[in-house]
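Peer 1: I have a structure I would like to understand better, so I am pasting it below and will then ask my questions one at a time.
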Amino acid sequence: MLADQKYWNPLLETLPLRKVKELQLRKFQRIFKWAFEHSKFHRALYDRASIRPEDIRSHEDIRRIPTVEKSMMRDVQRKDPFPYGDALCVPLEEVSEFRQTSGTTGQPVYQADTWQDWEWWAECWSFILWAQGYRPLDRVFIPFGYNVFVAFWAGHYAAEKIGCEVVPGGVLDTAARILKIQELRATALMATPTYVLGMADTAVNKLSIDPRTLAVNKITCAGEPGASVPSTKKRMEEAWGAKVFDHAGATEIGAWSYECAAQPGGMHVNEAMFLVEIVDVETGEIIDEPGRQGKMIITALDRQAQPCVRFDSKDIIEWDPEPCPCGRSFRLIKGGVVGRADDITKVKGVLLAPSAIEEAVRGVAGLGDEYEVVVDKDGDIDRITLRVELRPEALGQADSVNHTLVDQLRIKTNLRYNIEFHDYGSLPRYEVKAKRFKDLRRGH
Amino acid sequence: MNPEVNTEKMDHLIQEMKRIAREVELAGGEIPAVVRNVKRLMASIKMLEINVSDVSGILKTT
């Protein structure tokens with residue numbers, strides 16, 4: 040039976056790595072030639088580097104090609120054709136979808152997709168959902184404000200493609216969404232980790248519904264790293280009584296990575312659709328071996344309207360030395376996306392990744408899910424304030440919770456914090472990407 | 396993998412579908428309902444090429 044098939048496409052997902060690399064080279068040659076011939080932006084970039092399509096004969100040749108930064112894409116879209124600029128590879132009448140980046144790191148970048156690209160988005164997500172156990176009998180509820188952000192749009196289309204029944208939970212408030220999930224006995228959800236926890240909180244505290252009594256048995260997360268942060272994943276799984284899976288993607292890249300049902304502590308890179316390279320943040324040297332972190336340079340091998348060729352994503356990742364028990368030959372990145380090169384900041388001379396604070400806070404039982412970090416200066420000295428909420432049931436245990444939190448923060452970040460306890464429910468709640476880290480120092 | 400899967404045969408059939416879709420588009424002249432639906436069909440055929448045709452030759456190499 041189709042539903043019993045383990046892989047979305049065994050031809051690709053079990054292809055030996057040597058052949059994967061051969062496939063990637065062929066596909067890279069094709070997308071490079073396409074971008075070179077159809078985009079003024081790419082043509083100028085490669086002309087300046089004196090690289091032509093016929094020069095690309097090996098993976099080593101690919102590494103000589105200039106990378107593309109997000110800031111370059113912002114400059115590009117000031118040019119014609121409006122509003123995308125000259126990275127566009129197709130006539131405007133071929134563009135059928137507009138999306139834009141969230142603007143977390145600056146001015147949003149507009150993204151054009153043809154209908155073929157849109158099919159491709161759904162195809163990439165089909166690999167994700169099938170690997171996470173979605174099947175035609177699933178009823179998938181998507182509590183997402185369908186808008187200009189790509190977020191779960193492609194998850195919606197992929198769920199349809201797989202054959203699931205999709206319930207768009209667009210313009211409903213959180214309580215109404217939970218009641219709809221209950222009414223329809225939805226079996227799967229897609230949301231950001233922040234919203235997954237927020238929904239559970241609303242269900243328990245406003246509706247007196249235990250999310251574990253609902254029919255939801257799997258949740259796919261995106262938008263934030265939480266589903267790969269062990270303490271956050273544990274909180275979500277315990278709150279919902281469901282398996283929680285991570286995936287990684289970006290508007291200008293596509294959905295390039297996914298956790299499978301084996302939950303191996305990392306995510307598979309879809310190496311048939313994307314070429315992922317890891318480079319040393321300081322030296323730019325390519326990291327081929329497992330166990331060394333670097334930033335990701337990525338190529339979407341089949342994207343047509345606005346190609347993504349050697350894009351500097353700033354995501355920090357590392358190859359996992361272990362194969363996955365699921366049998367997929369697509370390599371794993373250990374622990375998922377562990378940070379961003381432009382997120383990791385120096386505080387008191389120590390490198391601090393915001394995800395390490397999340398891991399500490401969410402690992403302390405008496406604390407609520409929300410928190411906020413503010414870095415500023417006390418004279419010349421960096422100061423970090425961590426605002427947390429004590430759960431109502433832990434009100435009498437503030438001292439021991441504080442003690443545990445201080446210990447966990449020291450172990451995980453090697454830094455000291457001013458910890459402020461706030462009333463439960465008083466810190467900001469988010470539906471999409473949370474903004475919990477605020478650096479108020481000059482120049483940050 | 397299913398041993399009876401013949402990727403070369405599948406690729407051949409996919410290319411046939413593509414050829415036929417183009418013929419339908421030509422035969423439809425300027426009828427929007429034909430042209431636009433063939434466009435969508437071609438996007439789906441491209442996904443079959445990504446899943447089968449692109450890898451078919453590579454599966455044969457040693």
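Note that the protein sequences, when read in sequence, are chains A and B. Start counting the first sequence at 40; every next residue gets the next number (our numbering). Start counting the second sequence at 396; every next residue gets the next number (our numbering). Glycine residues also receive a C-beta, built at the ideal position from the N, C-alpha and C atoms.
With distances taken from CA atoms, which of A:194, A:211, A:396 and A:53 is nearest residue 507 (chain A)?
Peer 2: Shown here, chain A extends from 40 to 483; a query on residue 507 (chain A) therefore has no answer.
Peer 1: Output needed for residue 343 (chain A): all residues of its chain with C-beta closer than 7 Å, excluding positions within five of it in sequence on either side, in chain order.
Peer 2: Walking along the first sequence from the start, residue 343 (chain A) turns up at place 304. Excluding residues within five positions, the ones whose Cβ falls inside 7 Å are 128, 129, 153, 155 and 156.
Peer 1: Over what stretch of residues does the alpha helix (DSSP H) that includes residue 393 (chain A) continue unbroken?
Peer 2: As a working mapping, residue 393 (chain A) is identified with position 354 in the first sequence. 393-401 is the span of the alpha helix (DSSP H), which, as asked, contains residue 393 (chain A).
Peer 1: Please list, in chain order, all residues of the same chain as residue 124 (chain A) whose beta carbon is under 6 Å from its beta carbon, the five residues on each side excluded.
Peer 2: What you label residue 124 (chain A) is simply residue 85 of the first sequence in a count that begins at 1. Same-chain partners within the cutoff: 115, 116 and 118.
Peer 1: Taking 8 Å as the threshold (C-beta atoms), are residue 376 (chain A) and residue 356 (chain A) in contact?
Peer 2: Reading the first sequence from its first residue, position 317 is the one you call residue 356 (chain A). Reading the first sequence from its first residue, position 337 is the one you call residue 376 (chain A). Yes. Within cutoff.
Peer 1: For residue 309 (chain A), count neighbouring C-beta atoms within 10 Å of its own C-beta (all shown protein chains included) and say buried if the count is 16 or more, exposed if not.
Peer 2: As a first step, residue 309 (chain A) must be located in the first sequence, where it is residue number 270. Under this definition residue 309 (chain A) is a buried residue.
Peer 1: From the DSSP output, which residues share a beta bridge with residue 228 (chain A)?
Peer 2: For the purposes of this step, residue 228 (chain A) is taken as residue 189 along the first sequence, with counting starting at 1. For residue 228 (chain A), which the question treats as bridged, DSSP gives the partners A:180 and A:258.
Peer 1: Give a yes or no on contact between the region 428-448 of chain A and the region 187-196 of chain A, applying the rule of three or more CB pairs nearer than 8 Å.
Peer 2: no
Peer 1: What residues from the region 426-451 of chain B come within 7 Å of chain A, judged by C-beta to C-beta, listed N to C?
Peer 2: 434, 435, 438, 439, 441, 442, 445, 446, 447, 449 and 450
Peer 1: Please name the residue or residues paired with residue 384 (chain A) in a DSSP beta bridge.
Peer 2: Translated into the one-based positions of the first sequence, residue 384 (chain A) becomes position 345. The partner list for residue 384 (chain A) (beta bridge, DSSP) reads A:391.
Peer 1: Would you mind working out which of A:87, A:97 and A:415 sits nearest residue 63 (chain A), comparing C-alpha positions?
Peer 2: Here residue 63 (chain A) corresponds to residue number 24 of the first sequence, with the count starting at 1. Here the closest residue by C-alpha is A:97.
Peer 1: Going by the DSSP bridge assignment, what does residue 477 (chain A) pair with across the sheet?
Peer 2: As a working note, residue 477 (chain A) is residue 438 in the first sequence. Residue 477 (chain A) pairs with A:413.
Peer 1: Can you find a CB in chain A that lies within less than 8 Å of the CB of residue 453 (chain B)?
Peer 2: Against the second sequence, residue 453 (chain B) aligns to sequence position 58. Chain A contact via Cβ: present.
Peer 1: Please list, in chain order, the chain B residues whose beta carbon lies closer than 8 Å to that of residue 61 (chain A).
Peer 2: Taking the first residue of the first sequence as position 1, residue 61 (chain A) is located at position 22. Those within 8 Å of residue 61 (chain A) in chain B are 453 and 456.
Peer 1: My assumption, with CB atoms under 8 Å, is that residue 257 (chain A) sits in contact with residue 139 (chain A). Please give the rounded CB distance.
Peer 2: The count along the first sequence starts at 1 and reaches residue 257 (chain A) at position 218. The count along the first sequence starts at 1 and reaches residue 139 (chain A) at position 100. Between residue 139 (chain A) and residue 257 (chain A) the Cβ distance is about 29 Å, and since that is not below 8 Å, they are no contact.
Peer 1: On the DSSP letters alone, give me the boundaries of the beta strand (DSSP E) that residue 207 (chain A) sits inside.
Peer 2: Position 168 of the first sequence holds residue 207 (chain A). Looking at the DSSP string, the run of the beta strand (DSSP E) that includes residue 207 (chain A) is 204-207.
Peer 1: In three-state DSSP terms, what is residue 358 (chain A)?
Peer 2: Along the first sequence, one-based indexing puts residue 358 (chain A) at 319. DSSP places residue 358 (chain A) in strand when its eight states are reduced to three.
Peer 1: Determine the burial state of residue 349 (chain A): buried for a count of at least 16 other Cβ atoms within 10 Å of its Cβ, exposed for fewer.
Peer 2: As a first step, residue 349 (chain A) must be located in the first sequence, where it is residue number 310. By the neighbour-count rule (16 or more Cβ atoms within 10 Å), residue 349 (chain A) is buried.
Peer 1: Beta-carbon of residue 253 (chain A) versus every beta-carbon of chain B: anything under 8 Å?
Peer 2: Taking the first residue of the first sequence as 1, we reach residue 253 (chain A) at position 214. It does not; no Cβ of chain B falls within 8 Å.
Peer 1: How should residue 428 (chain B) be labelled, buried or exposed, when 16 other C-beta atoms within 10 angstroms of its C-beta is the threshold for buried?
Peer 2: Working through the second sequence from its first residue, we reach residue 428 (chain B) at position 33. Burial call: exposed.
Peer 1: Tell me the start and end of each unbroken alpha helix (DSSP H) in the region 290-365 of chain A that is at least 4 residues and wholly inside, in chain order.
Peer 2: none
Peer 1: According to the Cβ coordinates, are residue 259 (chain A) and residue 168 (chain A) closer than 8 Å?
Peer 2: Sequence index remark: in the first sequence, residue 259 (chain A) carries index 220 (1-based). Sequence index remark: in the first sequence, residue 168 (chain A) carries index 129 (1-based). Yes, these two residues count as a Cβ contact at 8 Å.
Peer 1: Restricting to runs no shorter than 3 residues, where is the beta strand (DSSP E) found entirely within the region 445-475 of chain A?
Peer 2: Listed in chain order, the complete beta strand (DSSP E) runs (minimum 3 residues) inside the region 445-475 of chain A are 457-461.
Peer 1: Buried or exposed for residue 511 (chain A), going by 16 or more other Cβ atoms inside 10 Å?
Peer 2: Given a span of 40 to 483 for chain A in the structure shown, any question on residue 511 (chain A) remains unanswerable.
Peer 1: List the DSSP bridge partners of residue 166 (chain A).
Peer 2: In the first sequence, residue 166 (chain A) corresponds to position 127, counting from 1. Residue 166 (chain A) is not bridged to any residue.
Peer 1: Applying the 10 Å Cβ sphere with the 16-neighbour rule, what's the burial state of residue 107 (chain A)?
Peer 2: Residue mapping note: residue 107 (chain A) aligns to position 68 of the first sequence, counting from 1. Per the 10 Å Cβ criterion, buried.
Peer 1: Give a yes or no on contact between the region 461-479 of chain A and the region 439-449 of chain A, applying the rule of three or more CB pairs nearer than 8 Å.
Peer 2: no
Peer 1: Take residue 415 (chain A) as the anchor and find which of A:477, A:78 and A:218 has the nearest alpha-carbon.
Peer 2: Within the first sequence, numbered from 1, the residue matching residue 415 (chain A) stands at position 376. Measuring from the Cα of residue 415 (chain A), the nearest candidate turns out to be A:477.
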